[in-house]
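Student: Chains as they are written, first to last, in the working numbering: chain A, 13 to 338; chain B, 736 to 995.
C-beta atoms are modelled at their ideal positions from N, C-alpha and C, and glycine is treated no differently.
Fair warning: this is a prediction, and the values are worked out from it, not measured in the lab.
Before I ask anything, here is the structure I am working with.
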Amino acid sequence: MTARFLPTLRRLALPLALLIFAGFPFFANDYLLDVAFFFGIYSLLGLSLNIVLGEVGLYDLGHAGFYAIGAYATAILNTRFGIPVLLLLPVSAIAAGVFAFLVTSPIIHLRGDYLCIVTIGMGEIVRLALINNPLGLTGGPNGVYGIDTPTLGFFAIDSSLAYYILVWVVVGASIIALRRLQRSRIGRAWNCIREDEVAAQATGINVRSHKLLAFVLGAALAGVAGNLYATKLLVVSPESFTFWESCLMFSIVLIGGMGSVPGVIIGAAAISLFPEVFRSFANYRMVIFGVAMILMMMFRPGGLWPRRRGGTEARDLLQRLWRRNA
Amino acid sequence: MPETGRETVLETRELTKRFGGLTAVESLDLRVHRGEISSLIGPNGAGKTTVFNVVTGIYTPERGTVEFQGGDITGKKPHQIVEKGIARTFQNIRLFPNLTCMENVMAGLHCRTTSGLAAALFRTGRQTEEERRIVEAAEDRLKQVGLWETRFELARNVAYGRQRMLEIARALATSPRLLVLDEPSSGLNPRETEDLMAFIRRIIRDEHLTVLLIEHDMNVVMGISDWVTVMDGGRKIAEGPPRQIYHDPLVIEAYLGSRK
């Protein structure tokens, strides 16, 4: 039964999702819209880590560091120089991307768990640096206060609804961009590296530059998420960017399915909505979470929505190309 | 040895590779001539695969040089060497197991295409055109090696013999001038081996390729090679046309031990 049911589900998923996102504000209150906002933030973070972990197979457990760089770039530049926060969106992306380039360049050749350990260290160093208030910029453990709300011309984004729309527009744009990358020679090169690094080199793929590109893009998208997070909370502090955040992002990609965009969205839903649903059993939340993770790995090790690879994807590509050139 | 009228494609000079205290390859002079099939043979541990890994850039030699088509490629990165025109396969097949056969071959075209990040994000006309070229070239390669029906199967799901052909198709997709095959017949049955050898002869003729291979199967080596180099203990002990090698006492000794 599931064999016939699943393909239908996959086909209907996109229109269904769009319908839900468009219809949601009509019956949701501010609390639900806020939950949906953070679902959006975690979707962005999941998508950003997915580039590094899902597409290239690099174990990055310090992704919260890039998220923090994006959030603090926005917070500091906005509060010091009064630059509008929406203008800082690309600035945050670039700041996180440049930072990623600098810190991962010397470690990019490390494999598997070695890279994992170093990225954990990187994430912790960023967090501790923020706490230590370098040059009086980051406000130490208290963080940076008084960030402006975004404005688009005369239209201020200050309601839960406006934030909801803002974050999901960014998620939508990111999804389109990532799907295009997946279906390009860069995306294929990333997957080749994940599958077999030596074979990828021997097939003419510049492994180093493609890994770096993945880190820079992944960090940039995390920086975007950081910007949106800062504009929503109006305050950023180091405790929002702990190792635990990196673990959550890692879980999103694993739960959803490595390299699968819809999978990551489902993973983000699981991670961001789960605590809300189980709020009443606050004490057992982590136990339930742990059991759910173990069951997942036992019964669906490829994730909830793994990327389908066999026929259809290649066929899609061919069809698209033929149509265009017919 | 007189070598008139034969153009050298690949030449190593005094090539030496050590692993700690072990000298895997010592002062090796190897020559591969254009349009020929050269074989590198020798008992286990003779250093054959190490030579391949140095030539294709996976290892950097301690001493000596590798020259390809007149240019020095010593110490270059593997992907740069592929760009220069040397493609290889591995002794224990190394495919991209969770990608389709089609995608495996498309990967070979990576180094012959240029579309970057912006082109992919904005789907420029040039990028679409290039993608089309990649697909078409990959399709041609799959037909050429007889894997057309399995093009949408994951590489790990196709039979062993077909995986071997897929690996060769991927190597050919990089448009090489020199194809380096590490024990192409291992794990194949006699029938498949024969087909493979016929295929190699055909592509050499049709695509003006040169082939260097490591081979254990003596029937294969003697049947297909134009030139044979024999290694033992990291050194070259003999080279020449197959018939001459077949009767070389040094070679017989390396393989079977001395009579004493």
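Does the beta carbon of E207/A sit closer than 8 Å to a beta carbon anywhere in chain B?
Tutor: yes
Student: For E746/B and D807/B, what's the separation of their Cα atoms in angstroms?
Tutor: Answer to the nearest angstrom: the Cα atoms are 10 Å apart.
Student: Pick from Q862/B, Q826/B and I869/B: whose alpha carbon is nearest that of G843/B?
Tutor: I869/B
Student: Taking beta-carbon pairs under 7 Å, can you tell me which members of the stretch 753-770 of chain B lie near chain A?
Tutor: none
Student: Of the choices A973/B, N892/B and L852/B, whose alpha-carbon is the least far from that of V986/B?
Tutor: A973/B
Student: Quick check: what's the CA-CA separation for G770/B versus M932/B?
Tutor: 15 Å
Student: When you compare the stretch 45-55 of chain A with the stretch 172-184 of chain A, are there three or more beta-carbon pairs, one atom per stretch, that lie closer than 8 Å?
Tutor: yes
Student: When the Cα of Y990/B is compared with those of G792/B, G968/B, I793/B and E864/B, which residue comes out closest?
Tutor: Y990/B has its Cα closest to that of G968/B, out of G792/B, G968/B, I793/B and E864/B.
Student: Please confirm whether T116/A has its beta-carbon closer than 8 Å to some beta-carbon of chain B.
Tutor: No, T116/A lies away from the interface with chain B (no Cβ there is under 8 Å from its Cβ).
Student: Which residues bound the beta strand (DSSP E) around S1019/B?
Tutor: Because residue 1019/B is not part of the residues shown, which for chain B are 736 to 995, the question remains open.
Student: Quick one: Cα of G216/A to Cα of G199/A, how far?
Tutor: 15 Å
Student: If contacts are defined as beta-carbon pairs under 8 Å, then C836/B and L877/B qualify, I think. What distance do you get, rounded to the angstrom?
Tutor: 6 Å
Student: Could you round the C-beta distance between A108/A and G238/A to whole angstroms and report it? I think they count as a contact, below 8 Å.
Tutor: Separation of the CB atoms of A108/A and G238/A is rounded to 7 Å, and the pair is thereby assigned contact status at 8 Å.
Student: Any C-beta of chain A sitting closer than 8 Å to the C-beta of I698/B?
Tutor: What is shown of chain B runs 736 to 995, which leaves residue 698/B out entirely.
Student: Tell me the DSSP bridge mates of E974/B?
Tutor: T964/B
Student: I'd like to check one pair, A85/A with G235/A: are the Cβ atoms closer than 8 Å?
Tutor: yes
Student: For V273/A versus L190/A, is the C-beta spacing smaller than 8 Å?
Tutor: Taking 8 Å as the Cβ cut-off, V273/A and L190/A qualify as a contacting pair.
Student: Quick one: grab the DSSP three-state call for D917/B.
Tutor: strand
Student: Tell whether a beta-carbon distance below 8 Å holds between I120/A and L224/A.
Tutor: A contact, by the Cβ cut-off of 8 Å.
Student: If the criterion is Cβ atoms closer than 8 Å, does the pair L142/A and P250/A meet it?
Tutor: yes
Student: Relative to the C-alpha of R139/A, which residue among Q194/A, G77/A, L59/A and I264/A is closest?
Tutor: G77/A
Student: Kindly indicate which three-state DSSP category G155/A falls into: helix, strand or coil?
Tutor: coil
Student: Report the rounded CA-to-CA distance for N337/A versus L193/A, giving the unit in angstroms.
Tutor: Residue placement at N337/A cannot be trusted, given a pLDDT of 46 that sits under 50; the coordinates are not used to answer.
Student: In chain B, what lies closer than 9 Å to V210/A by C-beta?
Tutor: I793, P813, F825 and R829
Student: Near V219/A, which residues of its chain fall below 7 Å by C-beta distance, leaving aside the five closest residues on each side in sequence?
Tutor: I205, E209, A212 and Q213
Student: Hey, out of P778/B, G805/B and V760/B, whose CA is closest to V767/B's CA?
Tutor: G805/B
Student: Between which two residues does the beta strand (DSSP E) carrying I949/B extend?
Tutor: T945 to I949
Student: Taking just the CA atoms, how far does I267/A sit from D917/B?
Tutor: 39 Å
Student: Going by Cα to Cα distance, which pick from F290/A, Y126/A and A280/A is closest to D72/A?
Tutor: If we check each option's Cα against that of D72/A, Y126/A comes out closest.
Student: Ignore the nearest five residues each way along the sequence and tell me which others in E761/B's own chain have a CB closer than 7 Å to its CB.
Tutor: T751, G969 and R970
Student: Just tell me which of T863/B, G860/B, V817/B and F831/B has its CA closest to the CA of V915/B.
Tutor: V817/B
Student: Are there 16 or more other CB atoms within 10 angstroms of the CB of T849/B, so buried, or fewer, so exposed?
Tutor: exposed
Student: Which same chain residues end up closer than 6 Å to S55/A when comparing Cβ atoms and leaving out the 5 residues on each side of it in sequence?
Tutor: Once the five neighbours on either side are set aside, the close Cβ partners of S55/A are V183, I277 and A280.
Student: Alpha carbon to alpha carbon, how far is I159/A from L101/A?
Tutor: 13 Å
Student: Flag F887/B as yes when its Cβ comes closer than 7 Å to any non-hydrogen atom of the ligand MN, and as no otherwise.
Tutor: You won't find the ligand MN in this model; it holds no ligand whatsoever.
Student: Starting from the beta carbon of L193/A, find every residue of chain B whose beta carbon is closer than 9 Å, and list them in chain order.
Tutor: L852, A855 and L856
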